[in-house]
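Residue numbers (my numbering): 1 to 171.
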């Protein structure tokens, strides 16, 4: 048997707020499986198909296309995904390397997150990305799952542990 391929997971945090609950969830998962967290969504310019892609966009697209998985962790804003995340996805739409890319989704919100999940899944489907419903998670009352920076919710811990095992099992 030959060498195993290293699984790379590029993670996008739909919240650019410092110390966001979404960031805490990413940190908790990163403690279980190595993630490459893309920290510069807020530096991507507004999507405009009429301009040449800036270097930051080219770098972003290269990172996502090279990964085994794209992990999206996002809050729900006004029954949708934050503009910064939608803008990032708009930049990825035309990348011919992405159809079939495996995606893991967490929508973390104070409420149900169902509207953001629904709209996000529609966008990902339109992009021809591979979204499996067993890798889509809605985390309600996200702030209650943490005490300070520490994940305290047993059910969410179990979800993250099982997801980490699935990711590691394909490497």
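Just so it is clear, CB atoms sit at the ideal spot from N, CA and C, and this is done for glycine as well. As the structure is a prediction and not an experimental result, all values here were calculated from the model.
Legend entry - For residue 41, the first and last residue of its enclosing alpha helix (DSSP H): Sequence index remark: in the chain shown, residue 41 carries index 41 (1-based). Unbroken run through residue 41: none, as it is neither H nor E.
Legend entry - residue 52 in three-state terms, based on DSSP: As a working note, residue 52 is residue 52 in the chain shown. Three-state result, residue 52: coil.
Legend entry - Per-residue burial, residue 51 [other beta carbons within 10 Å of its own, 16 or more giving buried]: For this step, residue 51 is matched to residue 51 along the chain shown. When all chains shown are included, residue 51 counts as exposed.
Legend entry - Residues near residue 49 in its chain [Cβ-Cβ closer than 8 Å; skip 5 each side]: Taking the chain shown and counting its residues from 1, the one referred to as residue 49 is at position 49. For residue 49, where only same-chain residues beyond five positions count, the Cβ hits under 8 Å are 94.
Inset, instruction - Using beta-carbon positions only, say whether residue 81 and residue 32 come within less than 8 Å of one another. - result: The residue labelled residue 81 in the question sits at position 81 within the chain shown. The residue labelled residue 32 in the question sits at position 32 within the chain shown. Contact flag unset, no.
Inset, instruction - Return yes when the Cβ of residue 22 is within less than 8 Å of the Cβ of residue 108, no when it is not. - result: Locating residue 108 in the chain shown gives position 108, counting from the first residue. Locating residue 22 in the chain shown gives position 22, counting from the first residue. It is a contact, given that the beta carbons lie within the stated cut-off.
Legend entry - In DSSP terms, what residue 200 is bridged to: The first residue shown for the chain is 1 and the last is 171, placing residue 200 beyond what the model contains.
Legend entry - Cβ pair residue 74, residue 111 closer than 8 Å: Position 74 of the chain shown, counting from 1, holds the residue named residue 74. Position 111 of the chain shown, counting from 1, holds the residue named residue 111. Not in contact: residue 74 and residue 111 (Cβ atoms no closer than 8 Å).
Legend entry - Sequence-distant residues of its chain with Cβ nearer than 6 Å to residue 102 (five each side left out): In the chain shown, residue 102 corresponds to position 102, counting from 1. 69 and 130.
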